[in-house]
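For reference, each letter of the sequence shown is one residue, going -9 to 177 in the numbering used here.
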Amino acid sequence: MKKIFFATSNKNKYLEAKAILKSFNVNVEWLKGEYPEIQAENLEEIASFTAKWVAEKTKKAIFVEDAGLFIQALNGFPGPYSSYVYKTLGNQGILKLLEKEPNREAFFISVIAYCEPTSEPITFIGKVKGSIAYEARGDKGWGFDPIFIPAEGGGKTYAEMGPENKNKISHRRKSLEKFGAWLSKTR
Ligand code: IMP
-9 MKKIFFATSN
1 KNKYLEAKAI
11 LKSFNVNVEW
21 LKGEYPEIQA
31 ENLEEIASFT
41 AKWVAEKTKK
51 AIFVEDAGLF
61 IQALNGFPGP
71 YSSYVYKTLG
81 NQGILKLLEK
91 EPNREAFFIS
101 VIAYCEPTSE
111 PITFIGKVKG
121 SIAYEARGDK
131 GWGFDPIFIP
141 AEGGGKTYAE
151 MGPENKNKIS
161 HRRKSLEKFG
171 AWLSKTR
């Protein structure tokens, strides 16, 4: 089994990645920590910067992941600012911004950036379309899970689906599947 380090401070992301990449015969190890993140409008740019920084510092083959929730009625906000917006406004703040807004369309994007100490980062993108619920629903999730309803989730929020079912269809599943397939072919 191949071993690859996932640099993240987020235990939920680590657990999702470990479960998903297991089926690609990849053993994900948690490189727990806070790593520098640039502020930019493009998730690939943000993830690539961090991946290169961590690979050079640790001299290991590592990956990082950066995600964002893009809400159509808010012109794509919070997008690359999702982490800050989650900390400041939270789910209730997002619901408030969308009060009386009939257009609930949104999508989640996950970008994986993989990097080896002496090479440039490679990115893999996963996208899931869906909508924003009218109220927070479900207690089996984290982050925006209680307010995001994926189009292929039978009307449930990610937090109502729970990790096992979320992992079958999520934005992270899609980016990790591409990454896993690439690893199997090239590494
Ligand atoms: P990050 O910058 O990739 O850590 O994520 C941006 C924000 O989106 C953070 O506040 C996360 O909590 C949230 N987030 C990322 N992925 C997910 C997910 O799969 N479900 C719910 N929230 C998420």
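Just so it is clear, CB atoms sit at the ideal spot from N, CA and C, and this is done for glycine as well. If you're wondering where the values come from, they're calculated on a predicted model, not measured in any experiment.
I need the DSSP call for residue i, collapsed to helix, strand or coil.
| i | result |
| --- | --- |
| residue 100 | strand |
| residue 21 | strand |
| residue -3 | strand |
| residue 134 | coil |
| residue 57 | strand |
| residue 146 | coil |
| residue 114 | strand |
| residue 91 | coil |
| residue 122 | strand |
| residue 50 | coil |
| residue 152 | helix |
| residue 66 | coil |
| residue 159 | helix |
Quick check on the burial criterion: 16 or more other C-beta atoms within 10 angstroms. Buried or exposed for residue i?
| i | result |
| --- | --- |
| residue 40 | buried |
| residue 104 | buried |
| residue 102 | buried |
| residue 121 | buried |
| residue 68 | buried |
| residue 26 | exposed |
| residue 84 | buried |
| residue 46 | exposed |
| residue 23 | exposed |
Roughly how many whole angstroms lie between the Cα atoms of residue i and residue j?
| i | j | result |
| --- | --- | --- |
| residue 72 | residue 174 | 31 Å |
| residue 157 | residue 10 | 7 Å |
| residue 99 | residue 145 | 19 Å |
| residue 151 | residue 21 | 28 Å |
| residue 159 | residue 30 | 27 Å |
| residue 44 | residue 92 | 42 Å |
| residue 13 | residue 2 | 18 Å |
| residue 172 | residue 89 | 42 Å |
| residue 149 | residue 111 | 32 Å |
| residue 118 | residue 155 | 14 Å |
| residue 36 | residue 82 | 26 Å |
| residue 134 | residue 96 | 12 Å |
| residue 140 | residue 77 | 22 Å |
| residue 123 | residue 86 | 11 Å |
Is any heavy atom of the ligand HEM found at a distance shorter than 6 Å from the C-beta of residue i?
| i | result |
| --- | --- |
| residue 174 | The ligand HEM is not part of the structure shown, which contains the ligand IMP as its ligands. |
- prompt: Using the beta carbon as the reference atom, which residues fall closer than 5 Å to any heavy atom of the ligand IMP, ordered along the chain?
  reply: 56, 57, 72, 73, 76, 133, 134, 135
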